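Chemist: Here you go, one structure.
There are 4 protein chains.
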Amino acid sequence: MQKKKVAIIGATGLAGQQFLASLARHPGFEVAALAASARSAGKCYREAITHESGSLQWFCPEPLSPALADLPVQEARTFDARTVDLVFAAVESDAARELEPIYARTTPVVSTASAFRDEPDVPIFIPGVNLEHDGLIAVQKARRGWQGFITPIPNCTVTGLAITLKPLQDAFGIQSVLMTSLQACSGAGRSPGVIGLDIIDNVIPYIPKEEEKVQREAQKILGRLEGDHIVPANWAVSATCTRVPVLEGHTEAVNVSLERSASLADVKSVLAEFGRNFISRRLPSSPSRLIQVTDEPFRPQPRRDRDTEDGMVTTVGRLRVDPVLSNGIKYVLVSHNTKMGAAKGAILVAEHLVDRGLI
Amino acid sequence: MQKKKVAIIGATGLAGQQFLASLARHPGFEVAALAASARSAGKCYREAITHESGSLQWFCPEPLSPALADLPVQEARTFDARTVDLVFAAVESDAARELEPIYARTTPVVSTASAFRDEPDVPIFIPGVNLEHDGLIAVQKARRGWQGFITPIPNCTVTGLAITLKPLQDAFGIQSVLMTSLQACSGAGRSPGVIGLDIIDNVIPYIPKEEEKVQREAQKILGRLEGDHIVPANWAVSATCTRVPVLEGHTEAVNVSLERSASLADVKSVLAEFGRNFISRRLPSSPSRLIQVTDEPFRPQPRRDRDTEDGMVTTVGRLRVDPVLSNGIKYVLVSHNTKMGAAKGAILVAEHLVDRGLI
Amino acid sequence: MQKKKVAIIGATGLAGQQFLASLARHPGFEVAALAASARSAGKCYREAITHESGSLQWFCPEPLSPALADLPVQEARTFDARTVDLVFAAVESDAARELEPIYARTTPVVSTASAFRDEPDVPIFIPGVNLEHDGLIAVQKARRGWQGFITPIPNCTVTGLAITLKPLQDAFGIQSVLMTSLQACSGAGRSPGVIGLDIIDNVIPYIPKEEEKVQREAQKILGRLEGDHIVPANWAVSATCTRVPVLEGHTEAVNVSLERSASLADVKSVLAEFGRNFISRRLPSSPSRLIQVTDEPFRPQPRRDRDTEDGMVTTVGRLRVDPVLSNGIKYVLVSHNTKMGAAKGAILVAEHLVDRGLI
Amino acid sequence: MQKKKVAIIGATGLAGQQFLASLARHPGFEVAALAASARSAGKCYREAITHESGSLQWFCPEPLSPALADLPVQEARTFDARTVDLVFAAVESDAARELEPIYARTTPVVSTASAFRDEPDVPIFIPGVNLEHDGLIAVQKARRGWQGFITPIPNCTVTGLAITLKPLQDAFGIQSVLMTSLQACSGAGRSPGVIGLDIIDNVIPYIPKEEEKVQREAQKILGRLEGDHIVPANWAVSATCTRVPVLEGHTEAVNVSLERSASLADVKSVLAEFGRNFISRRLPSSPSRLIQVTDEPFRPQPRRDRDTEDGMVTTVGRLRVDPVLSNGIKYVLVSHNTKMGAAKGAILVAEHLVDRGLI
């Protein structure tokens, strides 16, 4: 099969770099174009990320692919999306709001930005969770008169939460959710991100707009596609989002009130078996399971569990009865915020869309 | 007024050292005796905490008082508690179970250990929260035939939680509480405590027995003394206790379902004004307020707020409506686990008992 | 004695805040004016450091003085230095190069910036080390036709190094110095400073321009004033400067080749007794000793030793013979980079200048 | 070729686990026996490392091989080394002193312990550096009447240092070396290792016995085999060894006085090309180069460079002229202390010995 040509917009940023790293040897996607702001345009990629001190500003653990390093960087504003089959957009929300509709006129856009997540005709995909929302793509294209479309992935804090709530909702129904997150520094990026003076020996108990995103996006993702729109889940999430001195991997303490009583054994089984159908499709970036449930009392830990299957597995542990909530259970999860929660998750979404003929 | 003579049992350990540091210049207590295990007995204190490498194993930021450094260390098992007016016990739970009753036959014991917290005739004191439980002391003395008594302080994770729940219970009633803690490493002590290989760039999502202690102790502390026993609070706490790479200061994300609806302004006012009567007694170790409520969106932070009034103030921030719980509110607190939550809190309890003529 | 009126330029930055914190209750200096960039000008100080989110961007552990919080912030470019007796400048090097000469026409300037450190008529002061270089002030005023003058303090990495080298040079002579620093994050400030993603679980082995500054400034500070210029010390420093995950306090491993052989006992004695004359002047910000020498094998440690006498003491430990260098000794020092190495050090310099009638 | 049967002694400890992880799929070695202290003996390996809380005490990032997890753990004191072709010993020094000679009577022992490093007939091997010292094995066997032998690898701090000094010595000669290390916490193991309360936001400037080991072992490793003994290198190392809040990877700032003047280009070339002959043997655990030289100004960093070629490459950066030493150069290196510096380095040594017919 011929590889799809893809562009990475915002290629010089941290999220953009993760796309480059994840696509360097991808069997189905060929990175055909890179774009960034005017400052980088006209340089080759390696040059664009080289600081005047001579330092190569490449931040992924994977080495920079020499072939990609030689690609020219185009200007995002003038990039012609018709030259590719698919655009991966990894820009800030303001830029996304401006740029993504331009690309979408002609070309599908899978985005990490929040700009369009709240639009009624835009699905927020998580692999294995709500890919059936892709029915909304036709609605979006028709309504907007686009040949392409925009599909964002969610805020990285929502990813692991929604992955674990989905099987619970399907099996037992959900009444309400409380969640306290202990989020990694990488979620804040590098410009300037979280500075060492603020986070060493410390916790920052607030991440602007994060708790609202968790609430809104979780309800939409776990909502039901009805005709031309999504009916959001009718339960609420009460979130407290904090930042801790961890590099990668969000930890979340989750309390769920189920609609129907369930034993811990049943809950465990439902979590562990979640996503069989999706997994069986063996898409290139798919892990062998969506959720790993552990009985280790001291797990999951972000440093020790985040990299399971290259960050594509959500690890759940400390499954217990919640003594306060009606039909309450509680657990702790670890989800890799810059793998399944960002570029690699977006790539897996795109693999699904290609597989379904939507790209 | 003549100073009360006090002994510190477990003087060489981390909690014991905090007693020495806090009592070095105390206006009402004179450290008259130090005791520890047989290994240290017979040495002067400085010698007892000097490692064979020549390193002085003193871990408080305050300097070691030269006068205390010269005191002889007695053996805890044979220490004669009649030589002092009061015993501060800072030993592990197993040792406390054996030693504290021996001392209590003749002498009051204020303890940081968990050994007796669950006994029905033993109050668990938090300054300003439940000191009226001291009515139980006479019951305990009578029942056990002791001239002294045992009063433990709670687990350090309970301290800040109970301090903030008490005014809410008094003003609005409580239906239920959910709490996720992000606890400091100092809570685990030094033998071996939390090792760097486990906690750097990581979260440990489990602290053995901690969640059960939070539940039991909070209910007892916020219970009502009725005659010769305490009727525990009838609401439950669902706790998830985690360890984070923070040196001192427990952070807790708390969700409370109140019995009666309350505006955030009312909740804030009730928290900020809590403890006026206790504060007005101006006991030597008392802070000028029990709770500081902050509107700063990014506070409280353990590193920046733990040392408020030398660690005796609980800081509450991020006060919000909880969208999930009935009459729900939520907030984040920071409490200094080795100041108000340990030695200095125990000393403040003892100051109360002296003031009330119970010591 | 009437207090001197002082201005703090760059008052909103991290170094500027440290001046405010250190001067809030100073017996000899009254903060009469605050200045910063145009963005802050016209606001009161509290407003100027309040982020749009409502967060007060105050980063010192000391609380912000309410009186200083109410002061208006003037624009640095148009600030009239004649309104004060002394200017403390805490701005970046480029701004310092432009602004400091304007102030110095009329008013003495004590600066933390590097802009003028290399000018031949500008002394770089460290309290107790080279204050006799103040003879250069008259030269500078005459040559430039200024009523005021500029005296910078050194790079914070030089401070502890020069304080420990000075007594060695005086007593034994120095042939050469090698130094590897393990520097705290606060040395890099907050804009953006060192980000958590770079420094957690990591070392950054390079700090731009730092090693050259160490070499040049150490030689000048330990040079000899001859007539109208300073003859730099004739020995070189080979420095390797690294950044480590420490908040405050620079640690430096120093190897010195002395001109004359010296026993470790002699070296220790010379270090411990250094600065007696300066100390005896009892200037308000002066510590009771400049150097504390410890025999504790595991000290000095930045976290445990940086705050000795509020950060004004350099702690030296691990004093050993160097087996490689001629007449070699080696030691490890800890110096508080944002106390003696920044604002408080500059204030102590100013106290000297006032005491000598130079301000 | 038939696989050699190997035993891992001290299999439950951190170093032992690294042997298990590295040998799980080794083409030339088959783990045929595991041994540990009496406490573990008689259990299967999985059981032996399972804590009473149910927690599996497995600390390598690589998963525990199920086949190895099922192996029985024998008691080290009674283990019959004749049942294997080779013993990997990963026990503490005291145990090594007792156990290794018992095994060596019949069987070769490659050890991570320091017990025998200073014996004149015992070589300390580093792959690619001094494998020609294997001539000493015959001497050792003859002198001690053993059929086997003992060959320790060096202290992990020496490994990267010696790897970089060897090509410099060969090409230019060495007069003297100064080194300051910034060592990772994993070097201290887990019992108890470095505790979080000591290392977060801190540096510990002393590691007992480490500096002496660096001096002695470096001289021996870079010494010359003459007949039946090694003539140590005649230059000294002045080391200062510190511990920093880093999980894995020792950083070392090295200053070298060469015998003959060399340009930086020559030095760089000599470092980068070091070990060609060894590399060309393509032993199973061999990296593709021993030293990687980087021009990146901010590298090497332990977190970003330690895992190069699975931790078997030493990365050198910041190569500069040393202004103080005669023919001086200086650089910073990062070496993975628990890969090339421990189990995997020992395995690579063993691969050499098998290849040479010595096992």
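Chains as they are written, first to last, in our numbering: chain Y, 379 to 737; chain X, 379 to 737; chain F, 379 to 737; chain R, 379 to 737.
Just so it is clear, CB atoms sit at the ideal spot from N, CA and C, and this is done for glycine as well.
Keep in mind it's a predicted model, so treat the numbers as computed, not measured.
By how many angstroms is the C-alpha of R696 of chain R removed from the C-alpha of A640 of chain R?
Modeler: Looking at the two C-alpha atoms, the distance is approximately 16 Å.
Chemist: Could you work out which residue in X:D673, X:G567 and X:P479 is closest to A459 of chain X when comparing CA atoms only?
Modeler: Comparing Cα-Cα distances from A459 of chain X to each of X:D673, X:G567 and X:P479, the minimum goes to X:P479.
Chemist: What is the C-beta distance between A617 of chain F and M557 of chain F, in whole angstroms, given that I count them as a contact (C-beta under 8 Å)?
Modeler: Going by Cβ atoms, the distance from A617 of chain F to M557 of chain F rounds to 5 Å, so yes, they are a contact pair.
Chemist: Please confirm if S431 of chain X has its CB atom under 8 Å from at least one CB of chain R.
Modeler: So yes, S431 of chain X belongs to the interface.
Chemist: Output needed in chain order: residues of the segment 657-679 of chain F with a Cβ under 9 Å from some Cβ in chain X.
Modeler: Those would be D673, E674, P675, F676 and R677, in chain order.
Chemist: Just to check my reading of the structure: L603 of chain X and G513 of chain X have Cβ atoms closer than 8 Å, yes? What is that Cβ distance to the nearest angstrom?
Modeler: Confirmed, about 5 Å.
Chemist: Of the residues Y:H511, Y:Q561, Y:Q435 and Y:I669, which one's Cα is nearest the Cα of K646 of chain Y?
Modeler: The shortest Cα separation from K646 of chain Y among Y:H511, Y:Q561, Y:Q435 and Y:I669 belongs to Y:I669.
Chemist: Measuring alpha carbon to alpha carbon, tell me which residue in X:E497, X:A468 and X:V517 is nearest G723 of chain X.
Modeler: Measuring from the Cα of G723 of chain X, the nearest candidate turns out to be X:A468.
Chemist: Taking DSSP's pairing of strands, which residues face T618 of chain Y in a bridge?
Modeler: T618 of chain Y is bridged to Y:T558.
Chemist: Got a sec: which bits of the segment 578-607 of chain X sit with their beta carbon under 9 Å from any beta carbon on chain F, in order along the chain?
Modeler: Listed by position along the chain: I578 and D579.
Chemist: Please return the same chain residues whose Cβ sits closer than 8 Å to the Cβ of A650 of chain F, not counting the five positions on each side in sequence.
Modeler: R667, I669, Q670 and V671, listed in sequence order.
Chemist: For a cutoff of 8 Å on Cβ pairs, would you count N633 of chain R as touching chain F?
Modeler: Interface residue, yes.
Chemist: Write down the C-beta distance between G627 of chain X and V712 of chain X rounded to the nearest angstrom, noting that I regard them as a contact closer than 8 Å.
Modeler: Between V712 of chain X and G627 of chain X the Cβ distance is about 5 Å, and since that is below 8 Å, they are a contact.
Chemist: In terms of residues, what are the limits of the beta strand (DSSP E) holding F652 of chain X?
Modeler: Per DSSP, F652 of chain X belongs to no beta strand (DSSP E) and is neither H nor E.
Chemist: Going along the chain, which residues of its own chain have a beta-carbon closer than 6 Å to the beta-carbon of P545 of chain Y, five neighbours each way excluded?
Modeler: Result list for P545 of chain Y: V648, L649 and F652, in chain order.
Chemist: Could you name the residues of chain R that L434 of chain Y contacts, counting a contact when the two beta carbons are closer than 8 Å?
Modeler: Those are E674, listed as they occur along chain R.
Chemist: What in chain F is Cβ-close to L560 of chain Y, meaning under 7 Å?
Modeler: The premise fails here: L560 of chain Y is roughly 14 Å from chain F at the closest Cβ pair, so nothing lies under 7 Å.
Chemist: Tell me where the beta strand (DSSP E) around Y584 of chain Y begins and ends.
Modeler: No beta strand (DSSP E) holds Y584 of chain Y; DSSP gives it neither H nor E.
Chemist: Go ahead and pull the three-state DSSP assignment for Q452 of chain X.
Modeler: Note: Q452 of chain X maps to strand in three-state DSSP.
Chemist: For the candidate residues Y:I573, Y:Q396 and Y:A411, whose alpha-carbon lies nearest to that of K383 of chain Y?
Modeler: If we check each option's Cα against that of K383 of chain Y, Y:A411 comes out closest.
Chemist: Since I believe K708 of chain R is in contact with V632 of chain R (beta carbons under 8 Å), could you give me their beta-carbon distance rounded to a whole number of angstroms?
Modeler: Contact holds; Cβ gap of about 6 Å.
Chemist: Is the segment 501-508 of chain F touching the segment 724-735 of chain F, taking contact as three or more C-beta pairs under 8 Å?
Modeler: The segment 501-508 of chain F is in contact with the segment 724-735 of chain F.
Chemist: Using a Cβ cut-off of 8 Å (strictly closer), state whether R417 of chain R contacts chain X.
Modeler: No, R417 of chain R does not count as interfacial toward chain X.
Chemist: Determine the DSSP secondary structure at V645 of chain R, reduced to helix, strand or coil.
Modeler: In this structure, V645 of chain R counts as helix in the three-state DSSP scheme.
Chemist: Report the rounded CA-to-CA distance for K421 of chain Y versus K519 of chain F, giving the unit in angstroms.
Modeler: Distance between the alpha carbons of K421 of chain Y and K519 of chain F: 50 Å.
Chemist: Is it true that the segment 518-533 of chain R meets the segment 489-501 of chain R, where meeting means three or more beta-carbon pairs spaced less than 8 Å apart?
Modeler: Yes: at least three Cβ pairs fall under 8 Å.
Chemist: To the nearest angstrom, report how far apart G689 of chain X and S400 of chain X are at their CA atoms.
Modeler: Approximately 12 Å, taken between the alpha carbons.
Chemist: With distances taken from CA atoms, which of X:R455, X:V592, X:V462 and X:L575 is nearest D472 of chain X?
Modeler: Selected option, being the one with the closest Cα: X:R455.
Chemist: Among residues of its own chain, excluding the 5 on either side of G457 of chain X, which ones have a beta-carbon nearer than 6 Å to its beta-carbon?
Modeler: Note that residue 457 of chain X is Phe in the sequence shown, not Gly. Result list for F457 of chain X: A413, in chain order.
Chemist: Using a threshold of 8 Å, state whether the C-beta atoms of F527 of chain X and V487 of chain X are closer than that.
Modeler: In contact: F527 of chain X and V487 of chain X (Cβ atoms closer than 8 Å).
Chemist: For G394 of chain R, which residues from the same chain have a beta carbon less than 6 Å from its beta carbon, with the 5 sequence-adjacent residues on both sides left out?
Modeler: If we look at G394 of chain R and ignore the five residues flanking it on each side, its Cβ neighbours are I386, G388 and A468.
Chemist: How about R483 of chain R: is its C-beta nearer than 8 Å to some C-beta of chain F?
Modeler: So, not an interface residue.
Chemist: Would you verify that the beta carbon of K708 of chain Y is, or is not, closer than 8 Å to some beta carbon of chain X?
Modeler: Yes, because at least one Cβ of chain X sits closer than 8 Å to the Cβ of K708 of chain Y.
Chemist: Can you give me the start and stop residues for the beta strand (DSSP E) that E630 of chain X sits inside?
Modeler: Taken as a continuous stretch (DSSP letters only), the beta strand (DSSP E) holding E630 of chain X covers H628 to L636.
Chemist: If you scan the segment 464-490 of chain R from start to end, which runs of the alpha helix (DSSP H) of 4 or more residues do you find wholly inside it?
Modeler: As far as the segment 464-490 of chain R is concerned, its whole alpha helix (DSSP H) runs of at least 4 residues are 471-482.
Chemist: Any idea if G605 of chain R is buried or exposed, counting beta-carbon neighbours within 10 angstroms, 16 or more meaning buried?
Modeler: G605 of chain R is exposed by the Cβ-count criterion.
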